[in-house]
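Listed in order, the protein sequences are those of chains A and B. Convert by adding 1 to the 1-based position in the first sequence; the result is the number in the working numbering. Convert by adding 24 to the 1-based position in the second sequence; the result is the number in the working numbering. The next block holds one structure in the form of structure tokens; read it before the comments.
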Amino acid sequence: MLKFLEEAKKVYMKKNLNSKKAPASFKDNVISAIAEEIIIIFEVGVKTIDRQSKMLILSVSKAACNLLHYTKEELIGRPIDDIFVDSNEAESLLKESLDCGVACAEKKALKTKSGKKVYVLFSSCAKCSKASTAQEIILVGQNITNQNEAEEALSDQTKLLQSILNNMADGAVLVDKKGYLLAFNPAAEKILRLDLTQKDVLSNREGFFLPDKKTPFPNQKRPLIRAIKGEDVNKCEVFVKHERLPDGIFISINARPLRNDRGEITGGVAVFDDITENKLASASLRESEERFRALLDGTFEGILIYDKGKIMAVNNAAAELFGFDVEQMKGMNIIDLVLDENKADITKKLTLVKQNPDVDFGKFETKIRGKNNEVFDIKVYGRSLVFKGKKVRVVAIRDITRQKKAEKELQYRMDLENLITNISTSFINLTPDEIECGISTALKKIGEFAGVDRSYIFLFTEDGKRIHNSYEWCVDSDCVKPHMKHAEEIDLSKFPWFYKKLTEFEQVYLPSLEKLPEEAKIERMHLEEEGVLSLLMIPMVHGKSLKGCLGFNAIRAPKEWSEDIFALLKITGEIFVNALEHKKMLNAIKKAKEDLEQKVEERTKELKEKQVQLINSEKMVSLGQLVAGVAHEINTPLGALNSNNDIFIRSIEKMKRIIPSLKNQDNELDYSDFDKLIKKIEELNQVSKMAAERIINIVNNLRKFARLDQAVKDRVDIHSGIESTLTLVHHELKNRIKVHKEYGKLPPVSCYPNQLNQVFMNIFINASQAIEGKGDIHIKTRVDNGNALVQIQDTGHGIPKESLNKIFNPGFTTKGVGIGTGLGLSIVYQIIKDHNGKIDVTSDERKGTKVIISLPIK
Amino acid sequence: MNESNHKPTIVLVDDEEMVLTSISSLLEMESDYTIKTFTSPEKAVKYIEDNGVDLVISDYLMEEMNGITFLAEVKKIKPDIPRIIITGYADKENAIKAINEVGLFQYIEKPWDNSDLLLKIRNGVEKFGLIRKLEKKISELNVANSERTDIYEKMIATFV
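And the structure:
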């Protein structure tokens with residue numbers, strides 16, 4: 002940069018020198034051109050071609066041809082425009098010449114035959130003729146192509162330099178070796194709020210005030226002075242404050258001495274920029290970093306900041322948690338902190354996040370090995386953060402061990418409650434048959450929950466002295482085998498200490514066998530045999546009696562149980578006991594129900610029989626009424642018939658008395674026919690009389706049979722009843738069955754006459770149906786021990802032995818469907834029973850059936 | 025009053041013609057009684073009211089009027105006349121109860137025996153006759169008695 006400045010100075014000087022020159026005369030030009038051995042001469046004349054005036058080349062110098070690479074011949078006659086890059090320039094140049102006679106030296110661009118650009122410094126002079134219509138000009142030029150290039154380059158450089166200076170954001174200031182301000186760029190002006198023009202110069206050396214004598218040139222640390230003295234000053238920070246910069250700014254100055262070719266210091270140059278913002282920014286950054294630090298250290302959560310896996314910073318809490326120092330942890334890899342088993346998982350998570358720097362990896366839980374090699378449960382929150390200028394990851398770690406512990410406990414509690422509820426509800430819904438299965442399932446559940454090797458339940462007998470039933474669950478392992486056979490009966494007196502505890506309703510808790518007292522020798526031996534290391538046993542009580550016990554065994558390793566487990570066992574025990582009692586009750590209810598049902602069946606049977614009887618008696622009533630009606634209806638015509646018949650008889654008697662007297666009077670008449678007639682009439686009258694008597698008999702018997710006064714017990718002659726009944730069944734018996742009567746002396750018997758008639762009727766009908774073809778019925782009556790005995794024997798086909806005890810069953814019939822209702826003998830039986838009598842039926846399939854009815858007389 | 029000439033009148037009431045015919049034929053044949061038959065109890069009541077009747081026989085179940093009611097009527101107007109009821113009604117108990125209430129002379133069941141019937145009728149008539157005779161005698165006796173009492177009183181009056 003400084004070298005550049007030096008060059009710029011040179012050029013600038015040169016240009017100034019150049020510009021101080023006055024325009025050269027034609028003469029001078031010719032001389033100088035000649036002096037330089039390059040004469041480019043064009044003689045140009047105006048000719049009119051096609052009514053257009055054109056400037057044509059009349060003659061050229063050799064140098065001109067050489068320059069443009071044309072031959073003389075090619076150039077002559079050509080319009081001068083052709084060789085100018087810009088044809089307008091040619092015109093203007095020539096015009097000027099024409100107008101003024103001369104033209105100043107002007108740089109023009111010409112083009113060679115090949116089109117390359119060359120630069121010539123022209124002077125022109127018009128060749129005047131007296132006529133003043135001279136149109137000829139002489140152009141004399143100097144090849145300044147190289148110069149031009151150099152100039153242009155220089156000019157470019159200068160422009161560039163200028164541009165740089167003008168456009169730099171940094172301020173640049175140039176001073177001479179005395180420290181006087183030579184120049185400054187716009188940026189310097191802006192930054193320092195200079196109020197100067199380029200021409201002002203630093204006048205006051207003291208304090209290096211800027212030309213306004215007010216603006217102090219920043220001189221703390223005196224960067225420019227030092228530069229002038231030959232020092233290379235780098236990044237000197239200086240604070241500038243003046244009336245236009247009331248708040249002051251910080252600038253950072255780089256200053257260098259300016260040296261000429263000989264190495265002598267000719268001045269100094271300083272470049273500076275405004276670092277106020279940066280300073281402030283870094284100050285505020287520092288501040289915020291401090292605050293950050295404070296926050297970090299103040300918080301209870303562990304904070305880790307890492308970048309690409311490496312820990313950049315931790316706070317005290319994190320260090321404390323992991324058991325390291327803060328410094329120790331810097332540089333550690335974050336993965337190293339994680340528990341081995343979780344490493345893979347966490348690595349995956351972090352990788353995912355690394356790929357998406359903007360993504361939060363949210364929160365998750367994991368375990369770490371912290372100080373004292375303890376395992377902690379931690380909750381991790383992470384996100385990205387800008388720290389010390391970099392985008393890093395920050396994680397906050399919270400020790401949730403306690404929380405987790407509490408959660409676990411709560412879960413445990415809930416599980417316990419759920420287990421109990423589960424068991425309890427499932428038991429409620431079990432039928433008595435499912436209870437066994439339910440107990441096994443429940444034992445398994447509580448065993449697994451409590452983490453024991455064996456859970457069991459023993460049920461005792463009513464007297465509480467023996468185990469009579471047991472249920473067991475074992476964990477699936479070779480060392481643990483079931484130790485009780487299901488229905489094995491064990492006398493509890495074999496384990497007196499256990500027995501004592503249980504009967505006193507105390508639980509037995511032995512985390513180890515050492516806890517057993519001296520007296521429990523047998524129990525200890527037994528447990529050692531079984532390989533039981535820990536035991537928990539609680540009694541199951543219902544009401545005030547010991548029903549059984551519920552226990553846990555630990556076999557593979559000793560175990561301690563908490564109050565919760567005691568409670569679990571106790572509750573489960575209660576549930577079991579209740580369920581079992583429930584089952585017992587249900588069974589009892591079932592039995593009672595069965596008994597009741599049976600009773601009901603019996604009663605129903607009785608009622609049915611009674612109903613049948615009732616229907617029957619109702620039938621009887623209606624029958625009675627029917628009979629009464631019929632009897633009554635019959636009686637009147639019967640009365641008339643009977644009476645008339647009697648009158649006929651009497652009339653015949655009378656006639657018989659009259660006729661002999663008539664006969665006496667008149668002997669001659671033949672009265673034999675008349676006699677015969679009389680005899681016939683008499684005969685018929687007898688028949689009518691008998692017929693009438695029979696009808697009367699039947700009607701009477703019918704009435705007797707269906708007497709309406711049933712409710713009244715009467716003293717009747719059994720025989721008359723038998724007789725009436727016989728009359729009624731006469732048609733069943735006639736010509737086929739002979740009735741033999743052997744009546745004893747029977748006093749009147751207190752009874753319901755029509756009911757007894759029914760009895761006899763039934764027996765007679767049965768007898769008549771049993772007798773196929775011809776047979777006999779023997780009726781015998783006698784008194785026996787205060788009872789009237791009626792024996793009716795038939796000669797029918799009898800009753801088979803196996804049916805004999807069924808004959809009185811309602812509905813039992815051998816007569817076939819539709820013929821017999823099977824109710825006859827059951828009614829008979831009931832009637833006899835109502836009379837406090839007895840009925841006995843014996844039968845011989847060869848001889849027939851004998852029915853003996855015994856009725857108390859009183 | 026000429027007793028020997030008196031021909032007893034029997035009133036028969038039954039809504040069944042055949043019964044009336046039968047019984048009246050019997051009585052005509054076997055007795056001297058005058059028989060009056062009625063199918064309508066009301067008409068019978070009228071007749072009894074207006075005429076001298078020695079015996080009334082009635083059926084129990086009749087359309088117009090129950091036999092017992094009829095005979096009760098008869099009892100009201102001429103209580104001395106023996107009343108006999110013939111019933112084909114099978115309910116003996118109730119019949120007997122009714123008889124006792126009304127106070128009947130006899131009760132006969134259908135179908136009846138003619139000889140039995142004749143006997144009962146004769147007895148009834150005889151009873152009635154006897155009662156009448158008795159009444160007559162009593163009234164004669166009363167007359168005589170009163171005469172005697174008269175004389176007695178007169179005698180006493182004379183002496184006292």
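Cβ coordinates follow ideal geometry from the N, Cα and C atoms, glycine included.
Within its own chain, the residues whose Cβ lies closer than 8 Å to the Cβ of L703(A), once the five positions on either side in sequence are excluded, are V628, V631, A632, L729, listed in chain order. When the beta-carbon positions are compared, A184(A) and M169(A) stay at least 8 Å from each other. Contacts between M86(B) and chain A, judged by CB atoms closer than 7 Å, are missing: the closest CB pair is about 11 Å apart. In the structure shown, the three-state DSSP call for W474(A) is strand. For the region 163-180 of chain B, the set of residues with a beta-carbon nearer than 9 Å to any beta-carbon of chain A is empty. Listed along chain B, no residue sits closer than 9 Å to S689(A) by beta-carbon distance, the nearest being about 13 Å off. Interface annotation for the region 38-54 of chain B against chain A: E40, M42, V43, T45, S46, I47, S49, L50, M53, E54, criterion Cβ-Cβ distance under 8 Å. Between I468(A) and L431(A), the C-beta spacing is not below 8 Å.
DSSP places M538(A) in the uninterrupted beta strand (DSSP E) bounded by 535-543. For A768(A), not one C-beta of chain B is nearer than 8 Å to its own C-beta. Remark: C-beta atoms of L757(A) and I719(A) approach each other more closely than 8 Å. The alpha-carbon of D795(A) is positioned some 37 Å away from that of K134(B). Scanning E164(B), V149(B), M86(B), S170(B) for the CA closest to the CA of E40(B) turns up M86(B).
In chain B, no part has a C-beta under 8 Å from the C-beta of I699(A); the shortest such distance is about 12 Å. A170(A) sits in coil when the DSSP states are folded into three classes, being neither helix nor strand. DSSP places T815(A) in the coil class of the three-state scheme, outside both helix and strand.
Look at Q356(A) here: in three-state DSSP terms it is helix. Residue-level contact by beta carbon holds for T637(A) and chain B, with a gap shorter than 8 Å. Against chain B, a Cβ distance below 9 Å from N758(A) picks out nothing, because the smallest value is about 15 Å. Residue-level contact check: N643(A) touches chain B, since one or more beta carbons of chain B fall below 8 Å from its beta carbon. Residue burial is scored here from C-beta neighbours: V688(A) has fewer than 16 other C-beta atoms within 10 angstroms and is therefore classed as exposed.
For G91(B), no Cβ of chain A is located within less than 8 Å of the residue's own Cβ. Q508(A) carries a coil assignment under DSSP once its states are collapsed to helix, strand and coil. I793(A) and I780(A) do touch by the CB rule: their CB atoms are close to 5 Å apart, below 8 Å. Residue contact with chain A for K102(B): absent (no Cβ-Cβ distance below 8 Å to any residue of chain A). At a cut-off of 8 Å, the C-beta of N138(B) has a neighbouring C-beta in chain A.
Around the beta-carbon of R695(A), fewer than 16 other beta-carbon atoms lie within 10 Å, marking it exposed. At a cut-off of 8 Å between C-beta atoms, G148(B) does not count as an interface residue with respect to chain A.
Of the candidates G722(A), D326(A), S93(A), N588(A), the residue whose Cα lies closest to the Cα of K108(A) is S93(A).
Residues of the region 647-664 of chain A with a C-beta less than 8 Å from any C-beta of chain B: D647, I648, R651, S652, K655, listed in chain order. Note on the region 653-728 of chain A: whole alpha helix (DSSP H) runs with a minimum of 4 residues are 673-706, in chain order. Considering only I572(A), K807(A), I832(A), the residue with the shortest C-alpha distance to N423(A) is I572(A). Taking C-beta separations shorter than 8 Å and ignoring five residues to either side along the sequence, the partners of N617(A) in its chain run L824, I828, following chain order. In terms of beta-carbon proximity, H633(A) lines the interface with chain B, with at least one pair separated by less than 8 Å. Separation of the CB atoms of L536(A) and L511(A) is rounded to 4 Å, and the pair is thereby assigned contact status at 8 Å.
Excluding five sequence positions before and after Y500(A), the CB atoms of its chain that fall closer than 6 Å to its own CB belong to L493, given in chain order.
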